[in-house]
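**Q** Note that full-length UniProt numbering numbers the sequence shown so that position 134 is 134, with each residue one more than the last.
We treat Cβ as the ideally placed atom computed from N, Cα and C, and that holds for glycine.
In this text, all values refer to a predicted model and were calculated from it rather than measured experimentally.
Once you've had a glance at the structure underneath, I'll fire off some questions.
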Amino acid sequence: MENLQSAVDTLIHSSNTLFILGGAVMVLAMHAGFAFLEVGTVRQKNQVNALAKILSDFAISTLAYFFIGYWIAYGVSFMQPAAVINADHGYGLVKFFFLLTFAAAIPAIISGGIAERARFVPQLCATALIVAFIYPFFEGMIWNGNFGVQAWLLERFGASFHDFAGSVVVHAMGGWLALAAVLLLGPRDGRYRDGKLVAFAPSSIPFLALGSWILIVGWFGFNVMSAQTLQGLSGLVAVNSLMAMVGGTVAALIVGRNDPGFLHNGPLAGLVAICAGSDLMHPVGALVTGVVAGALFVGCFTAAQVKWKIDDVLGVWPLHGLCGVWGGIACGIFGQVTLGGLGGVSLISQLIGTALGVVVALVGGFAVYGVIKAFHGLRLSQEEEYYGADLSVHKIGAVSQD
1 MENLQSAVDT LIHSSNTLFI LGGAVMVLAM HAGFAFLEVG TVRQKNQVNA
51 LAKILSDFAI STLAYFFIGY WIAYGVSFMQ PAAVINADHG YGLVKFFFLL
101 TFAAAIPAII SGGIAERARF VPQLCATALI VAFIYPFFEG MIWNGNFGVQ
151 AWLLERFGAS FHDFAGSVVV HAMGGWLALA AVLLLGPRDG RYRDGKLVAF
201 APSSIPFLAL GSWILIVGWF GFNVMSAQTL QGLSGLVAVN SLMAMVGGTV
251 AALIVGRNDP GFLHNGPLAG LVAICAGSDL MHPVGALVTG VVAGALFVGC
301 FTAAQVKWKI DDVLGVWPLH GLCGVWGGIA CGIFGQVTLG GLGGVSLISQ
351 LIGTALGVVV ALVGGFAVYG VIKAFHGLRL SQEEEYYGAD LSVHKIGAVS
401 QD
């Protein structure tokens, strides 16, 4: 019997390790989606920079999260013998890998907002600070119960803040951090003339669409594998993600009047919004959540660019910041049993947790980027911006005419 139990335990641990490793690889692949979404959206003179930022940011994020961030969030250090940290087939190591891909999504989100005029090295410095300190602070508070906030919400309102896959913890955090950076940077040269918006057309709709599709596919690893064990696997999460993605697509297609940029960001808006409550909602609730997110993205992106003159190149604040906030709130609405959900969620807790995420992101964003701006500078010179970050920073263009 002891041998049988040992064999069962081995099978469970190895299966869970393989399961979460699959999720980590799928979310890792999403970073190619972030890269190509930015490559297709920016002007051709900034395509190399977009690719270089995403890969470099991921490397810096890994170091910052491995040595500092993961310890701040979960109290786990890997500065122990390999025999110790490889327990249970290395499940703890692979869990770190999976959660790292979430942490690294933060600078990947920010990258799209500050594109075409941000300096390269200062952004890498900001990435290190955000992934080492700002993001893990809030991540640990929500997903590890640090500082007693979740316990207080549970006691006071009957349920803690629920964010299954990171509508607020990852996406809203990234979007509101990006807003701080975008505001401190200011708009691109020539973006506004006599108070009116000047259109900067995307360099490649095919690359933009490719990035969107890579993100869509990888998102099912992002959401479904957030269960982190095979025992927690739920088909409801997969179908809710699908319905929210479709809802966001249809809404963006209609509200965006067939614009391909809006169309290919619509599904991402729906997927951002469904992360929080994908394990609780009925698929119809997920569909409504996605529809609202798709329309919200188009409306707020247009308002931000035209009315508020916020030059957020990829629209990461409306896409991740605002749709992430909507996702946290929607979880508290459509997660209720009366609306077909599984229950166990409080709308008040969702409002408080979501607001807390926005505050942490804004304060952290203005602190990090404000300090870097004051001491080192954030922005390319006017001449460097004119010639493009590809030639100014990397000394090579995206294409050769030879």
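Take the Cβ of Asn86 as the centre, count every other Cβ of all protein chains shown within 10 Å, and call the residue buried at 16 or more, exposed below.
**A** Residue numbering aside, residue 86 sits at position 86 when the sequence shown is read from its first letter. Exposed: under 16 other Cβ atoms inside 10 Å.
**Q** State yes or no: is the C-beta of Glu116 within less than 9 Å of the C-beta of Val313?
**A** Walking along the sequence shown from the start, residue 116 turns up at place 116. Walking along the sequence shown from the start, residue 313 turns up at place 313. Yes, these two residues count as a Cβ contact at 9 Å.
**Q** Please report the straight-line C-alpha distance between Val363 and Ser61, rounded to a whole angstrom.
**A** The residue given as residue 363 occupies position 363 in the sequence shown. The residue given as residue 61 occupies position 61 in the sequence shown. Those two C-alpha atoms are separated by around 20 Å.
**Q** Give the straight-line distance between the Cα atoms of Met108 and Gln5, rounded to the nearest whole angstrom.
**A** Position 108 of the sequence shown, counting from 1, holds the residue named residue 108. Position 5 of the sequence shown, counting from 1, holds the residue named residue 5. Correcting the residue type first, residue 108 is Ala in the shown sequence and not Met. About 44 Å.
**Q** Between Asn240 and Ala273, what straight-line distance do the alpha-carbon atoms span, to the nearest angstrom?
**A** The sequence position of residue 240 within the sequence shown is 240, counting from 1. The sequence position of residue 273 within the sequence shown is 273, counting from 1. Cα-Cα distance, rounded: 11 Å.
**Q** In the structure shown, what three-state DSSP assignment does Lys196 receive?
**A** Residue mapping note: residue 196 aligns to position 196 of the sequence shown, counting from 1. Looking at Lys196 - three-state DSSP - the assignment turns out to be strand.
**Q** Taking its Cβ as the centre, do 16 or more other Cβ atoms sit within 10 Å of Asp57, making it buried, or is it exposed?
**A** Along the sequence shown, one-based indexing puts residue 57 at 57. Burial call: buried.
**Q** Short of 6 Å in beta carbon distance, which residues of its chain neighbour Trp219, apart from the five on each side in sequence? Order them along the chain.
**A** Stepping through the sequence shown from its first residue, residue 219 is reached at position 219. Excluding residues within five positions, the ones whose Cβ falls inside 6 Å are Leu271.
**Q** Would you check if the distance between the CB atom of Pro136 and the CB atom of Ile54 is smaller than 9 Å?
**A** Position 136 of the sequence shown, counted from the start, is the residue given in the question as residue 136. Position 54 of the sequence shown, counted from the start, is the residue given in the question as residue 54. No; because the gap between Cβ atoms is not below 9 Å, this pair is not in contact.
**Q** If you draw a straight line from the C-alpha of Thr17 to the C-alpha of Gly221, how long is it?
**A** Within the sequence shown, residue 17 is the residue found at index 17, counting from 1. Within the sequence shown, residue 221 is the residue found at index 221, counting from 1. Going from the Cα of Thr17 to the Cα of Gly221 covers about 14 Å.
**Q** Using 10 angstroms around the beta-carbon of Gln80, count the other beta-carbons present and answer buried if the total reaches 16, otherwise exposed.
**A** Your numbering for residue 80 matches position 80 in the sequence shown. That one is exposed.
**Q** Write down the C-beta distance between Trp326 and Leu296 rounded to the nearest angstrom, noting that I regard them as a contact closer than 8 Å.
**A** Counted from its first residue, the sequence shown places residue 326 at position 326. Counted from its first residue, the sequence shown places residue 296 at position 296. Indeed, because the Cβ distance is near 6 Å, the residues count as touching under 8 Å.
**Q** What residues in its chain sit with their C-beta under 6 Å from that of Glu139, if we drop five residues either side in the sequence?
**A** Position 139 of the sequence shown, counting from 1, holds the residue named residue 139. Cβ contact annotation for Glu139 (same chain, cutoff 6 Å, sequence separation greater than five): Ala73, Val169, in chain order.
**Q** Near Ile214, what residues of its chain come up, given a Cβ to Cβ distance below 6 Å and the 5 sequence neighbours on each side ignored?
**A** As a first step, residue 214 must be located in the sequence shown, where it is residue number 214. Excluding sequence neighbours, Ile214 sits near Ala32, Gly33.
**Q** Given 8 Å as the limit, is there contact between the stretch 17 to 28 and the stretch 192 to 207, that is, 3 or more CB pairs closer than that?
**A** Output reads no: the stretch 192 to 207 does not touch the stretch 17 to 28.
**Q** In the DSSP assignment, the alpha helix (DSSP H) including Ala227 goes from what residue to what residue?
**A** Within the sequence shown, the letter at position 227 stands for residue 227. Segment: none, Ala227 is in no alpha helix (DSSP H) and carries neither H nor E.
**Q** Where are the alpha helix (DSSP H) runs, 4 residues long or more, that stay fully inside the stretch 24 to 78, in chain order?
**A** 47 to 64, 70 to 74
**Q** Quick check on the DSSP output: the alpha helix (DSSP H) that includes Ile110 runs from which residue to which?
**A** On the sequence shown, residue 110 is found 110 positions in, with the first residue counted as 1. It spans 87 to 113 - the alpha helix (DSSP H) in which Ile110 sits, taken as one unbroken run.
**Q** Among Trp317, Ser15, Arg257, Thr338, which has the Cα closest to the Cα of Gly90?
**A** Locating residue 90 in the sequence shown gives position 90, where the first residue counts as 1. Comparing Cα-Cα distances from Gly90 to each of Trp317, Ser15, Arg257, Thr338, the minimum goes to Ser15.
**Q** Candidates Ala389, Gly397, Val399: which alpha carbon is nearest Ile114's?
**A** As a position in the sequence shown, residue 114 is number 114, starting the count at 1. Checking every option, the nearest Cα to that of Ile114 belongs to Ala389.
**Q** Do you know how far the Cα of Ala132 is from the Cα of Val371?
**A** The sequence position of residue 371 within the sequence shown is 371, counting from 1. The sequence position of residue 132 within the sequence shown is 132, counting from 1. Looking at the two C-alpha atoms, the distance is approximately 16 Å.
**Q** Taking the alpha-carbon of Asp279 as reference, which of Val121, Ile130, Asp163 has the nearest alpha-carbon?
**A** In the sequence shown, the residue the question calls residue 279 occupies position 279. Out of Val121, Ile130, Asp163, Asp163 has the C-alpha closest to the C-alpha of Asp279.
**Q** Quick test of your reading: Ala269 and Cys323, contact by CB under 8 Å. State the CB separation rounded to the nearest angstrom.
**A** Along the sequence shown, one-based indexing puts residue 269 at 269. Along the sequence shown, one-based indexing puts residue 323 at 323. The C-beta distance from Ala269 to Cys323 rounds to 5 Å, short enough to fall under 8 Å.
**Q** Measuring only the C-alpha atoms, how far is Ser160 from Gly247?
**A** Translated into positions along the sequence shown, residue 160 becomes position 160. Translated into positions along the sequence shown, residue 247 becomes position 247. Spanning the two alpha carbons is a distance of roughly 28 Å.
**Q** Put Arg379 into one of helix, strand or coil per three-state DSSP.
**A** Walking along the sequence shown from the start, residue 379 turns up at place 379. DSSP places Arg379 in strand when its eight states are reduced to three.
**Q** Classify Leu21: buried if its beta carbon has 16 or more other beta carbons within 10 angstroms, exposed otherwise.
**A** The residue given as residue 21 occupies position 21 in the sequence shown. Per the 10 Å Cβ criterion, buried.
**Q** Is Ala178 buried or exposed, if buried means 16 or more other CB atoms sit within 10 Å of its CB?
**A** Working through the sequence shown from its first residue, we reach residue 178 at position 178. Counting Cβ neighbours within 10 Å, Ala178 comes out buried, since at least 16 surround it.
**Q** Cutting at 6 Å between CB atoms, please list the residues of its own chain near Gly315, excluding the five before and the five after it.
**A** Numbered from 1 along the sequence shown, position 315 holds the residue referred to as residue 315. Phe301, listed in sequence order.
**Q** Rounded to whole angstroms, what's the CA-CA distance from Gly145 to His13? Just pull it up for me.
**A** For the purposes of this step, residue 145 is taken as residue 145 along the sequence shown, with counting starting at 1. For the purposes of this step, residue 13 is taken as residue 13 along the sequence shown, with counting starting at 1. When rounded, the distance between both Cα atoms is 24 Å.
**Q** May I ask you to report which of helix, strand or coil DSSP gives Ala180?
**A** Start at 1 with the first residue of the sequence shown, and residue 180 comes out as number 180. Note: Ala180 maps to helix in three-state DSSP.
**Q** Spatial neighbours of Gly166 within its chain, please: C-beta separation below 7 Å, excluding the five flanking residues on both sides.
**A** Reading the sequence shown from its first residue, position 166 is the one you call residue 166. Excluding sequence neighbours, Gly166 sits near Phe102, Cys275.
**Q** Threshold first: 4 residues or longer. Then list the alpha helix (DSSP H) segments lying entirely within the stretch 223 to 271, N to C.
**A** 235 to 255
**Q** Between the Cα of Leu153 and those of Ile396, Gly266, Val345, Lys395, spot the shortest distance and give me the residue it belongs to.
**A** On the sequence shown, residue 153 is found 153 positions in, with the first residue counted as 1. Considering only alpha carbons, the answer is Val345.
**Q** Does DSSP put Ala118 in a helix, in a strand, or in coil?
**A** The residue you call residue 118 lines up with position 118 of the sequence shown. In this structure, Ala118 counts as strand in the three-state DSSP scheme.
**Q** Buried or exposed: Gln231, going by 16 or more other Cβ atoms within 10 Å of its Cβ?
**A** Numbered from 1 along the sequence shown, position 231 holds the residue referred to as residue 231. The Cβ neighbour count for Gln231, taken over all protein chains shown within 10 Å, is under 16; the residue is labelled exposed.
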